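Structure first, then comments.
In the working numbering, the protein residues as written are 87 to 141.
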């Protein structure tokens with residue numbers, strides 16, 4: 087799955103910031119490709135309002 091950071095983490099909670107850091111997303115429009123598994127889906131669920139996911 088392809089994950090792109092679409093909104094800033096400035097107003098995010100500390101937990102959401104840690105999830106973004108774990109995903110390796112630092113700047114807006116940065117994209118990373120990860121395997122589609124339950125762990126990644128759970129992480130994306132916590133920051134769904136900040137990222138865009140493409141299958």
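Don't be surprised by glycine CBs; every beta carbon is placed ideally from N, CA and C. Fair warning: this is a prediction, and the values are worked out from it, not measured in the lab.
Beta carbon of residue 87 nearer than 9 angstroms to that of residue 139: As a working note, residue 87 is residue 1 in the chain shown. As a working note, residue 139 is residue 53 in the chain shown. Yes. Within cutoff.
Rounded Cβ spacing between residue 118 and residue 96 (contact assumed at less than 8 angstroms): Here residue 118 refers to the residue found at position 32 of the chain shown. Here residue 96 refers to the residue found at position 10 of the chain shown. With a contact defined as Cβ atoms closer than 8 angstroms, residue 118 and residue 96 miss out at about 20 angstroms.
Extent of the continuous beta strand (DSSP E) run through residue 116: To locate residue 116, count along the chain shown from 1; it is residue 30. Careful: residue 116 lies outside any beta strand (DSSP E) and carries neither H nor E.
Three-state secondary structure assigned by DSSP to residue 109: In the chain shown, residue 109 corresponds to position 23, counting from 1. Annotated three-state conformation of residue 109 is helix, per DSSP.
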